[in-house]
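Below: one structure, written as structure tokens.
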Amino acid sequence: MQKIGVFVCWCGSNIAGTVDVEAVAEAMKTVPGVVFSTHYQYMCSAAGQKLIADAIHEHHLDGIVVASCSPRMHENTFRKTAEAAGLNPYMVEIANIREQCSWIHKDKEEGTAKAIVLAKAAVAKLLHNKPLTAGTSAVTKRCLVIGGGIAGIQTALDVADAGYEVDIVEQRPTIGGRMAQLDKTFPTLDCSACILTPKMVEAAQNEKINIISYAKVEKVDGFVGNFRATIRKKARCVDETKCTGCSLYMNKCPSKKGKDEFNMEMNNRPAIYIPFAQAIPNVAVIDPEQCVKLKTGKCGLCQKVCTAGAIDYTQQDELMEREYGAIVVATGFKPIDPSPLNEYGYAENADVITSLELERLMNAAGPTKGTLLRPSDLKHPHEIVFIQCVGSRCDENTKRGKPYCSKICCMYTAKHAMLIRDKYPDTKVHVFYIDVRTPGKNFDEFYRRAVEQYGVDYIKGMVGKVAREGDKLMVRGSDLISNQQVEIAADLVVLATAIEPDPSARSIGTMLTASMDTNDFFTEAHAKLRPVESPTAGIFLSGVAQGPKDVPETVAQASAAAAKVIGLLAKDHLVTNPCVAGSDELLCNGCSQCEKVCPYGAITYVDKEVRGPGVREVRRVAQVNPAVCQGCGACTVTCPSGAMDLKGFTNQQIMAEVDAICL
Amino acid sequence: MQEIMNRMKARAIALLADGTVSRVMGWEKGEGEYDWSPALFENAEEMEAFVYGDYAGANLSKYCLKLGKLEGKTLVILKPCDTLSFKQLIHEHRLEREKFYIIGAGCTGMKDEKGALLKCNACKSKEFAIYDEIIDSEESRKPTGVMDRMAGVADLEQMTAQERYDFWQGELSRCIRCNACRNVCPACTCIKCVFDNPASGVQSKAPVTSFEENMFHIIRAYHVAGRCTDCGECSRVCPQNIPLHLLNRKLIKDMNELYGEYQAGEGDEERTPLTSYTKEDAEPGIVHERGRA
């Protein structure tokens, strides 16, 4: 018989408030196998852990049950305690009497009874535990960064700085992302390009960084330390090694109908183009949808003018396989399309624009060369209305937008208002807002400057209707402070549209088995304590992919993710989880059902000579790769013969727990 | 059917003679008029006893498990519904296709002493899911047995939980655990059944009530769920006449409703609805809601 010790934690009043911990400890003394049982205020504290270690030595315990909080919280803590005291760390079981008991019950008597049952179940399981030994796996010392915006660039630079190779995979023809489209950045009003493009150049020049642009990740296999990714590099029809970025072709290309994505499709571009002057790589790309040569076979003008001989219409997509130790998701965002919110009339009126469109209109490299002209008649607008929270902070049930705050809109709207008032003092600027949210260093000061110094008219209230009347846009809304309906005849209306994850995020999340929330933002492993890691080991989060963020926050998170990546890549070996599945070859039917349910591709089948009592024949049997298995247990419940079992959570252990609760 | 049998017999003898196959899995007459039994024939002489006709109800697919391990090819005669069981076993890698020569046998519906077999009252198909050649007749291609396959299940679903419990308690209490259902079932092919495995822990537990003993059937139904072709052999062979097929059909009906129409053994997809995941799958909440009804 094993000697088991039970340690009941009060968790201050978290458990002791609704569970009579003393009674639990007392009751456990009578359970077969238990030779020692006690309780303590904070079992996870140094004193609590010492109490456990002392009891292990004194009573020669073979295993311990800690009745405390969720194993997600402190299972590792107590495994380490046990290991330090000479026990196998997998001879530790946690009875969760906090999240699954004290926190959800009010009646102390019932809570106590349930805590006893949960502790008994843990003892029943522990009686079947076997010591397990963790294995190790090697680490590929290269990092994949998905997305080449400021988040991806910053992570890549920091990881490369520590001496590790980094591949940035960017779906667009250039890195730079959303930040490259911005004119100025708050709260200091630096020119966005002036602070971003040097970083882009730095990334391009860093010999540890490999930029794979106009490409997407198609498939990811493997596990932490040992990922294998298939990357599709789309055909640019331009040889990257030859193109000098000269732009001579620009005026030759007869196709002029391509929409300039960089300028939010407010102007056209040729079929062959470089997204913007500072693009990295500074290499042209041919839009196959617009290119006359690719569509009809007749043209080839760009090839004729290209002195470098870089144009290759026959270029095909290229598939490359690369191995990585860590993957950083930096897929960024896009503004929502406000067309369905028809009260703002975005679809009908050219002069109702989004904030990102305004950025381009105010940028020197934009469609109006930086002069603020309204799109419909290219006249200077004299009265501008900004509307905040368009599609943000919506009641989820109305399905009219996002339930969350997009976080950056208050600040960039203050920026826009201020810049316009500064450059065009004859322009009246109104801002409709629900709240103005400015929690950031120097943020509130910035907003107050817009109001106090630049005289921007902030109106608390939302807009009910934007309608065209003549060459004016009539904006009707409510002013909640004066409790009046207001109507403003505006020349231009700017919508601070909500931001949402880039559309590629969902498929990347599925590919990586990285969990996402209902809005398709990536979920962090712990909202407070592990904010830059995905719950899936080896996957890290950078930038808006995880939730709305401004530039300084994005850069901070990008560097934090890099620190985590460096911490992983610095290791030569990783300890693997020994709680993995294994197949009893004598029982295995070879039916392949487990292989089909395994979400990690950890199971393969081999023809193998099976030997056992009265058996010696070649059979098709399942084999589990313990380095790939995540211990989810899907195979064990699928296996009809019970050949598949999960170490640490064997069928026998689970049945023993059920029996302890039910019998 | 006599004509089909004669052609089949001649063909089988020819295939034995030219060495294509080493043996023939078919049927022979038993002691009574109705109890034709599966039988193995190894030469033309033995083939004299071969029969095919209205009482060849037994599904020969499961016999193939052992036959597939023998030297040479086996000729196996499969009726349309039997081919589903056979193909499902191929999907599960339990049979090797090249070890068998399959004659698809035209079928006009099978009988026993009480009349048409249960499975034939609601005939699933006249199509052969897998075969090397077909021996049939115009007659055998006509549809037979057009009863609603799920009618019995629908009746059970109409009952209250208590009525249903009483119904099954009544039925299953007759079980003598002869294991005939398990032995005949082409989906029950485990090398070692969990009920025979002392390590699984189910054997060593004394039942709390006599009914618990009969949970065997419910567990069995779950183990074959998604793989059961609804061949009806379990009910056919039950000496106690327990309508075991109703358990399987209930699970098939639920799966069809939750994950879309599916027939095990049909098509080339090895994944069953229960071993695949799609975004369109019913959410657990829906399953839970239905469970309460």
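Read top to bottom, the protein sequences are chains A and B.
According to numbering that gives the first Met the number 0, the stretch in the first sequence is residues 0 to 662, in order.
According to numbering that gives the first Met the number 0, the stretch in the second sequence is residues 0 to 292, in order.
Ideal placement from N, C-alpha and C gives every residue a C-beta, glycine not left out.
As the structure is a computational prediction, the values presented were derived from the model and not from experiment.
Assign residue i to one of three DSSP states: helix, strand, or coil.
| i | result |
| --- | --- |
| A/His104 | coil |
| A/Ile96 | coil |
| A/Tyr457 | strand |
| A/Pro334 | strand |
| B/Tyr276 | coil |
| A/Val284 | strand |
| A/Pro172 | coil |
| A/Asn87 | coil |
| B/Ser199 | helix |
| B/Met158 | coil |
| B/Met24 | strand |
| B/Cys189 | coil |
| A/Val554 | helix |
| A/Gly151 | helix |
| A/His59 | coil |
| A/Lys119 | helix |
| A/Leu479 | coil |
| A/Phe77 | helix |
| A/Ser582 | strand |
| A/Leu372 | coil |
| A/Ser533 | coil |
| A/Thr37 | strand |
| A/Cys8 | strand |
| A/Ser67 | strand |
| B/Gly284 | helix |
Below 7 Å on C-beta distance, what does residue i contact in chain A?
| i | result |
| --- | --- |
| B/Ile190 | Leu586, Asn588, Ser640 |
Does the beta carbon of residue i sit closer than 8 Å to a beta carbon anywhere in chain B?
| i | result |
| --- | --- |
| A/Ser591 | yes |
| A/Val596 | yes |
| A/Tyr603 | The sequence given here places Thr at residue 603 of chain A; Tyr does not occur at that position. Judged by the 8 Å Cβ criterion, A/Thr603 is not in contact with chain B. |
| A/Arg610 | no |
| A/Arg619 | yes |
Quick check: is the beta carbon of residue i nearer than 8 Å to any beta carbon in chain A?
| i | result |
| --- | --- |
| B/Ser308 | Since the displayed chain B opens at 0 and closes at 292, residue 308 of chain B lies outside it and no answer follows. |
| B/Glu269 | yes |
| B/Val193 | yes |
| B/His222 | yes |
So residue i contacts chain B; which residues on that side make the cut at Cβ distance below 7 Å?
| i | result |
| --- | --- |
| A/Thr678 | Only positions 0 to 662 of chain A appear in the structure, and residue 678 of chain A is not among them; the question remains open. |
Using a cut-off of 8 Å between C-beta atoms, extract the partners of residue i located in chain B.
| i | result |
| --- | --- |
| A/Arg392 | Simply none; closest approach about 27 Å. |
Mind listing the chain A neighbours of residue i? Cutoff is C-beta to C-beta under 8 Å, in chain order.
| i | result |
| --- | --- |
| B/Ser199 | Gly641, Asn650 |
Which chain A residues sit within Cβ distance under 9 Å of residue i?
| i | result |
| --- | --- |
| B/Asn196 | Leu586, Ser640, Gly641 |
Residues of the region 492-519 of chain A with a CB closer than 7 Å to any CB of chain B: list them in chain order, please. Those would be none; no residue qualifies.
3-residue-minimum beta strand (DSSP E) runs that sit fully inside the region 374-416 of chain A, ordered along the chain: 382-389
Contact list for the region 78-93 of chain B against chain A, Cβ threshold 7 Å: Glu91, His92, Arg93
Would you list, in sequence order, the uninterrupted alpha helix (DSSP H) runs of no fewer than 4 residues that lie entirely inside the region 55-110 of chain B? 63-66, 79-90
In chain order, which continuous runs of the alpha helix (DSSP H) of length 4 or greater are located wholly inside the region 422-459 of chain A? 442-447
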